[in-house]
Ligand SMILES: [Zn+2]
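Numbering (this note's numbering), first residue to last: 479 to 693.
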């Protein structure tokens, strides 16, 4: 009898997540992801920042590799039935080994975004993340942005971020110091912290302004 090849098993909560975000876009997608991230935190027993994304990837049976790409790629991800050419795994994330830790964690979180939003049980999935998005189709660009939404939401979950900011508002801190605190506490680059805050507040924030609570 032939063995039927399958992908590695995917937890039920991941399938539910995929079902809930399917077809959503833009701010609707962001809201839904922010709400559903709590399940991922609970399932992985994450009680406080920082969220260690490599551990979450491993819990989802990803093999993690650090490798040297020489074509401007900073990471790639596959979730397939058969091993990809030359790589001894059918579910893996590879990260450019010359990137620093903060960027590496971000890349892993981004790839998990594709896993939670764009993968399914049946179809082989492969994606590579270039350092710069050049010459990509509008459809691919949207997928990249969606994976980045997920990344920021996973690394800076509202559950932890809101009280963190609230505390600093009470101390009348400026965004300059708060963004630095977010970088240190959540292990994200400062520009990523700023982008997350601005997207949640729907406006730009200046370093010298007092911080304000998230809605
Ligand atoms: Zn991507």
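Glycine residues also receive a C-beta, built at the ideal position from the N, C-alpha and C atoms.
Legend entry - residue 586 to residue 522 span [Cα, whole Å]: Their backbone Cα atoms lie some 16 Å apart in a straight line.
Legend entry - Opening and closing residue of the beta strand (DSSP E) in which residue 560 lies: Boundaries cannot be given for residue 560, as no beta strand (DSSP E) includes it and DSSP labels it neither H nor E.
Legend entry - 3 or more residues per run - each beta strand (DSSP E) lying fully within the stretch 506-578: Secondary structure within the stretch 506-578: the beta strand (DSSP E) runs of 3 or more consecutive residues, fully enclosed, are 541-545, 551-557, 569-574 (chain order).
Legend entry - Cβ neighbour criterion (16 or more within 10 Å) applied to residue 516: Exposed: under 16 other Cβ atoms inside 10 Å.
Legend entry - Sequence ranges, alpha helix (DSSP H) only - wholly within the stretch 589-645, length at least 4: With a minimum length of 4 residues, the continuous alpha helix (DSSP H) runs that stay inside the stretch 589-645 are 616-633.
Legend entry - Nonlocal neighbours in the same chain, by C-beta distance under 8 Å from residue 640, ignoring five residues either side: 691, 692.
Inset, instruction - Kindly identify the DSSP beta-bridge partner or partners of residue 688. - result: DSSP, once it has assigned bridges, lists 652 as partnering residue 688.
Legend entry - Residues near residue 647 in its chain [Cβ-Cβ closer than 7 Å; skip 5 each side]: Taken in chain order, the residues that qualify are 689, 690, 691.
Legend entry - Near ligand 1: residue 600 beta-carbon under 6 Å from a heavy atom: No - ligand 1 has no heavy atom lying nearer than 6 Å to the Cβ of residue 600.
Inset, instruction - Kindly indicate which three-state DSSP category residue 661 falls into: helix, strand or coil? - result: Three-state DSSP puts residue 661 in a helix.
Legend entry - the stretch 597-613 touching the stretch 547-557, judged by at least three CB pairs closer than 8 Å: Yes: at least three Cβ pairs fall under 8 Å.
Legend entry - Other residues of its chain near residue 495: CB distance less than 6 Å, five sequence neighbours each side excluded: Counting only Cβ-Cβ distances below 6 Å, and skipping sequence neighbours, we find 514, 594.
Legend entry - Exposure of residue 676, with buried meaning 16 or more beta-carbon neighbours within 10 Å: Residue burial annotation: residue 676 is exposed, with fewer than 16 other C-beta atoms found within 10 angstroms of its C-beta.
Legend entry - Given residue 617 as reference, the closest of 631, 596, 633, 632 once Cα atoms are compared: The shortest C-alpha separation from residue 617 is found at 596.
Legend entry - Three-way DSSP call (helix, strand, coil) for residue 683 in this model: Residue 683 falls in the coil class under three-state DSSP.
Inset, instruction - Would you kindly report the start and end of the unbroken alpha helix (DSSP H) that includes residue 497? - result: Note, residue 497: alpha helix (DSSP H), 490-499.
Legend entry - the stretch 559-577 contacting the stretch 493-511, beta-carbon criterion three pairs below 8 Å: Short answer: they don't touch.
Legend entry - Assigned secondary structure, residue 502 (DSSP; H/G/I helix, E/B strand, else coil): Assigned with DSSP and collapsed to three states, residue 502 falls in coil, not helix or strand.
Inset, instruction - Measuring only between beta-carbons, confirm whether residue 546 sits less than 7 Å from chain C. - result: As a matter of chain content, chain C is missing from the structure shown, which is built from one protein chain.
Legend entry - Distance between residue 686 and residue 598 (C-alpha atoms, nearest Å): Their Cα atoms are separated by approximately 45 Å.
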